[in-house]
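Participant: Pasting a structure below so you can have a look.
Protein chains: 2
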Amino acid sequence: MSEMTQTASSEARPYHHGDLSRALVEAARRILETEGPAALSLRAVAREAGVSPAAPYHHFKDKGELLDAVAHEGWAALDAALGEARAKAVDSKERMTSLGVAYVCFARDNPALYRVMYDCSRDKDALPEQMKEEGAYCQVRNTIDERSGGTATPLDLELATIAAWCAGHGLAEMISFKQFDPLKEALGGEEAFLRAVFEHLGMFAKLDQA
Amino acid sequence: MSEMTQTASSEARPYHHGDLSRALVEAARRILETEGPAALSLRAVAREAGVSPAAPYHHFKDKGELLDAVAHEGWAALDAALGEARAKAVDSKERMTSLGVAYVCFARDNPALYRVMYDCSRDKDALPEQMKEEGAYCQVRNTIDERSGGTATPLDLELATIAAWCAGHGLAEMISFKQFDPLKEALGGEEAFLRAVFEHLGMFAKLDQA
DNA sequence: CACCGATCTAAACGACGTCAAGATAATCTT
DNA sequence: AAGATTATCTTGACGTCGTTTAGATCGGTG
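Protein chains in written order, with numbering that gives the first Met the number 0: chain A, 0 to 209; chain B, 0 to 209.
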């Protein structure tokens, strides 16, 4: 089996790595966290994993495919984060806001990973299949459905899910702009700011009045 | 003065271009529209403008500064688009939705430019100054203020503006995913889809009930 | 007219993504 | 167990990129 996850500084590695695919993805995530998306070159990933620049091509068709793998892990992590938030909130009314806050916090805490996730999606003009089957998107839809007491029509449910997703993503992209720092302070912290914006969105006005 | 906007194929250009800054920005926009953001290299821009790869450095500190100039024009174009939409809508209730639709349509019709606009903002962790003074952001705030009859507190007004902006941006980024194509058809077109989502956002529930 | 600063070119550097050839090791066949 | 096959990794190369340095060219000022 594979030894430790190994960086370039380790002792001599056997000629065959053992599990280079995995090591490359982990190296990529390490670079993303420490140096940001701009530093994420294929060569840098290979360097970090301690292999030659051409080695990754035996495991991924090209750079894009490696990033796809990274993005896949990102979506899985987001799924998990939303799942936790959903489980914690007891009140159905509050659960939706918690979900939104959790989404934005994930993006804030993993900005580079979040960027890669959407960059990959854009290249394929589609959100990952992963989301369709019990992924993050479904969690949002289920939470909304639950909140509406199951009375929402499929169309309304889908529209509400899209609306919520867009609001979350939009806020996730805005939250890092320092423009809003004074406002965050005035409201007593970032999470309070998030909750205030979500409240203003009143994303479920239509469902509530039904 | 400057001759025609000139591509690489034109007849011999004088050694000094005349207005290379402008020509470079225009060349960049041309490349963005025809070949997309991935093809937008400094060298390609210089090629398109018919100058050497080093020429741009006498007008812009680096590639980022050229993109800043492109982004600046993008924000101006967005301002104009929102201004038009705002002027057309007579009903105060409808005006807000029209503004949102216009925003998303701008992003859909100028996807590469829209991307450059936000990429530049991210590099500076701030939306452009441009927006602060009668720019797009102010137009949204003014429209919201107008709608609330001027009764909204400054805090509520700011939060509502942020909420609306996030919703618009989020929807703008999602609209291109083909995931939602069936839904668009079901609703009878893309604009109908946009309006439906905006309606579901009920972005002004809080202001309306006041 | 001579000069000077602004503008452009030519040539080079290192880093990048990618590919073709060859080396090495694990696995399969007999 | 020995040889053949296949998967994996390295070396070296190609073209492109952003950027810098040195030199060529030109417009305007004395």
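Note that beta-carbon positions come from the ideal geometry of N, C-alpha and C, so glycine has one too.
Under 8 Å, do Thr142 (chain A) and Arg94 (chain A) count as touching if we go by C-beta distance?
Facilitator: Yes, they are a contact pair.
Participant: Do we get a CB-CB distance below 8 Å when we pair Val115 (chain B) with the residues of chain A?
Facilitator: It does not; no Cβ of chain A falls within 8 Å.
Participant: Can you find a C-beta in chain A that's less than 8 Å from the C-beta of Ala209 (chain B)?
Facilitator: Below a pLDDT of 50, predicted positions are generally treated as unreliable, and Ala209 (chain B), at 47, falls in that range; no measurement from the model is reported.
Participant: Pick out whichever of A:Asp155, A:His58 and A:Ala27 has its Cα sitting closest to the Cα of Ala70 (chain A).
Facilitator: Residue A:Ala27 is the option with its Cα nearest to Ala70 (chain A).
Participant: Of the choices B:Met173, B:Val24, B:Arg21 and B:Arg146, whose alpha-carbon is the least far from that of Leu98 (chain B)?
Facilitator: For the residues B:Met173, B:Val24, B:Arg21 and B:Arg146, the minimum Cα distance to Leu98 (chain B) belongs to B:Arg146.
Participant: Tell me, to the nearest whole angstrom, how far the beta carbon of Gln178 (chain A) is from that of Ala125 (chain B); I am working on the premise that it is less than 8 Å.
Facilitator: About 6 Å; that satisfies the 8 Å criterion.
Participant: Count the other C-beta atoms from every protein chain shown that fall within 10 angstroms of the C-beta of Ser120 (chain A), then say buried if there are 16 or more, exposed otherwise.
Facilitator: That one is buried.
Participant: Are Leu41 (chain B) and Gly73 (chain B) touching if we call contact CB-CB under 8 Å?
Facilitator: For Leu41 (chain B) and Gly73 (chain B), no; Cβs fall outside 8 Å.
Participant: Could you give the DSSP three-state label for Thr91 (chain B): helix, strand or coil?
Facilitator: First, the amino acid is wrong: residue 91 (chain B) is Ser here, not Thr. Ser91 (chain B) falls in the helix class under three-state DSSP.
Participant: Please list the partners that Lys177 (chain B) has in chain A, where partner means a Cβ-to-Cβ separation under 7 Å.
Facilitator: Asp124 and Ala125, listed in chain order.
Participant: Starting from the beta carbon of Ala159 (chain B), find every residue of chain A whose beta carbon is closer than 8 Å, and list them in chain order.
Facilitator: Simply His199.
Participant: Since Met95 (chain A) meets chain B, which of its residues come closer than 9 Å, beta carbon to beta carbon?
Facilitator: Residues of chain B passing the Cβ test: none, with the nearest at roughly 13 Å.
Participant: Could you tell me whether any Cβ in chain A is nearer than 8 Å to the Cβ of Glu172 (chain B)?
Facilitator: Output row for Glu172 (chain B): interface = yes.
Participant: So, with DSSP's three-state summary, where would you put His199 (chain B)?
Facilitator: Residue state, collapsed to three classes: helix.
Participant: If you check the beta carbons only, do Tyr102 (chain A) and Ala37 (chain A) fall under 8 Å apart?
Facilitator: It is not a contact, given that the beta carbons lie outside the stated cut-off.
Participant: Find the residues of chain A that neighbour Trp164 (chain B), judging by a C-beta separation of less than 8 Å, and give them in chain order.
Facilitator: Under the 8 Å cutoff, chain A gives Gly169 and Met173.
Participant: Which one of B:Ala79, B:Ile174 and B:Asp122 has the shortest CA to CA distance from Glu133 (chain B)?
Facilitator: Closest by alpha carbon: B:Ala79.
Participant: Compare the Cα-Cα distances from Gly82 (chain A) to each of A:Pro110, A:Arg114 and A:Arg140 and report the closest residue.
Facilitator: Out of A:Pro110, A:Arg114 and A:Arg140, A:Arg140 has the C-alpha closest to the C-alpha of Gly82 (chain A).
Participant: Quick one: which residues of the segment 80 to 106 of chain B get their C-beta closer than 8 Å to a C-beta of chain A? List them in chain order.
Facilitator: Taking 8 Å as the Cβ-Cβ cut-off against chain A, none of the residues of the segment 80 to 106 of chain B qualify.
Participant: Starting from the C-beta of Leu77 (chain A), find all residues in its chain whose C-beta is less than 7 Å away, skip the five residues before and the five after it, and write them out in chain order.
Facilitator: Hits under 7 Å: Phe105 and Ala135.
Participant: So, are the CB atoms of Val115 (chain B) and Ala68 (chain B) less than 8 Å apart?
Facilitator: Their beta carbons are not under 8 Å apart, which means Val115 (chain B) does not touch Ala68 (chain B) by this criterion.
Participant: Leaving out five residues before and five after Leu39 (chain A) in sequence, what residues of the same chain have Cβ atoms less than 7 Å from its Cβ?
Facilitator: So the list reads Ala27, Ile30 and Leu31, once near-sequence residues are dropped.
Participant: What span of residues does the alpha helix (DSSP H) with Val50 (chain B) cover, start to end?
Facilitator: Unbroken run through Val50 (chain B): none, as it is neither H nor E.
Participant: Can you tell me where the alpha helix (DSSP H) with Thr33 (chain B) in it begins and where it stops?
Facilitator: Per DSSP, Thr33 (chain B) belongs to the alpha helix (DSSP H) from Leu19 to Glu34.
Participant: Count the other CB atoms, across all protein chains shown, that sit within 10 Å of the CB of Pro153 (chain B); report buried if there are 16 or more and exposed otherwise.
Facilitator: With fewer than 16 other Cβ atoms within 10 Å, it is exposed.
Participant: I want to verify the contact list: residues of chain B whose CB lies under 8 Å from the CB of Val196 (chain A), in sequence order.
Facilitator: The answer, in chain order, is Leu158, Ile161, Ala162 and Cys165.
Participant: In terms of alpha-carbon separation, which member of A:Ala22, A:Glu198, A:Phe197 and A:Leu158 lies closest to Asp180 (chain B)?
Facilitator: Checking every option, the nearest Cα to that of Asp180 (chain B) belongs to A:Leu158.
Participant: Have a look at His57 (chain B) and Leu186 (chain B) and give me their C-alpha separation to the nearest angstrom.
Facilitator: Taking the straight line from one Cα to the other gives about 52 Å.
Participant: Are the C-beta atoms of Leu23 (chain B) and some chain A residue less than 8 Å apart?
Facilitator: Leu23 (chain B) does not count as touching chain A.
Participant: Name the residue from A:Gly169, A:Thr96, A:Thr160 and A:Asp155 whose alpha carbon lies nearest to the alpha carbon of Thr228 (chain B).
Facilitator: Residue 228 (chain B) falls outside the range modelled here, since chain B spans only 0 to 209, and no answer is possible.
Participant: Which of the three DSSP states is assigned to Glu133 (chain B) in this structure?
Facilitator: In the structure shown, Glu133 (chain B) sits in coil (DSSP, three-state: anything other than H, G, I, E or B).
Participant: Run down chain B in chain order and give the residues with a C-beta less than 7 Å from the C-beta of Leu182 (chain A).
Facilitator: Under the 7 Å cutoff, chain B gives Glu157.
Participant: Quick one: grab the DSSP three-state call for Met0 (chain A).
Facilitator: Residue placement at Met0 (chain A) is flagged as unreliable, the pLDDT there being 33, under the threshold of 50; the coordinate-derived value follows with that caveat. The answer is coil: DSSP assigns Met0 (chain A) none of H, G, I, E or B.
Participant: What separation, rounded to the nearest whole angstrom, lies between the Cα atoms of Glu129 (chain B) and Ser51 (chain B)?
Facilitator: Note that residue 129 (chain B) is Gln in the sequence shown here, rather than Glu. When rounded, the distance between both Cα atoms is 32 Å.
Participant: Between the Cα of Ile174 (chain B) and those of B:Ala22, B:Gly188 and B:Lys123, spot the shortest distance and give me the residue it belongs to.
Facilitator: Considering only alpha carbons, the answer is B:Gly188.
Participant: So, with DSSP's three-state summary, where would you put Pro127 (chain A)?
Facilitator: Three-state DSSP puts Pro127 (chain A) in coil, outside helix and strand.
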